[in-house]
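Numbering (our numbering), first residue to last: 27 to 154. For every residue, glycine included, the Cβ atom is placed at its ideal position computed from N, Cα and C. Keep in mind it's a predicted model, so treat the numbers as computed, not measured. What follows is a set of notes on a single structure, which appears directly below.
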């Protein structure tokens, strides 16, 4: 998962970069699946672009990328703080841009999800 952020009008940078994906797959994405990774921010910021490396979908299908707060049990909270539908284009990085998702300093979870309203092909994979 990659996220591009701006900490102010003149600053931008990457807060999470999982590195170069293997290109051979990873986690299967099926109906009602969700995979999340925890991030901790030392300062507040705004996420403007966010993407996941997904393989095996068909152009035009959808999945969701969401941000959750950290619950008391150190797991994602039950309700997303932010979320966006992502349209799969081709194998590789698929995401959204132009967001203004403000996050204060703290711990969060970034999730790739296939929910009831999403159409991503069963057995597409979240590459890592």
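query	result
Between residue 141 and residue 66, how many whole angstroms is the CB-CB distance? I'm expecting something under 8 Å.	About 26 Å; that fails the 8 Å criterion.
Would you grab the beta carbon distance between residue 92 and residue 56 for me? Rounded to a whole angstrom, and I think it's under 8 Å.	The Cβ separation is near 17 Å, so there is no contact.
Just verifying my parser: in three-state terms, what is the DSSP assignment at residue 140?	strand
If you draw a straight line from the C-alpha of residue 129 to the C-alpha of residue 115, how long is it?	28 Å
Would you report the Cα separation of residue 144 and residue 134, rounded to the nearest angstrom?	23 Å
Just curious, the beta strand (DSSP E) that residue 95 is in, first and last residue?	88-96
To the nearest angstrom, how far is it from the Cα of residue 122 to the Cα of residue 113?	8 Å
Throw me the rounded Cβ distance for the residue 151 and residue 52 pair, which I believe falls under 8 Å.	6 Å
Going straight from the alpha carbon of residue 146 to that of residue 84, what length do you get?	7 Å
Please report the straight-line C-alpha distance between residue 102 and residue 64, rounded to a whole angstrom.	8 Å
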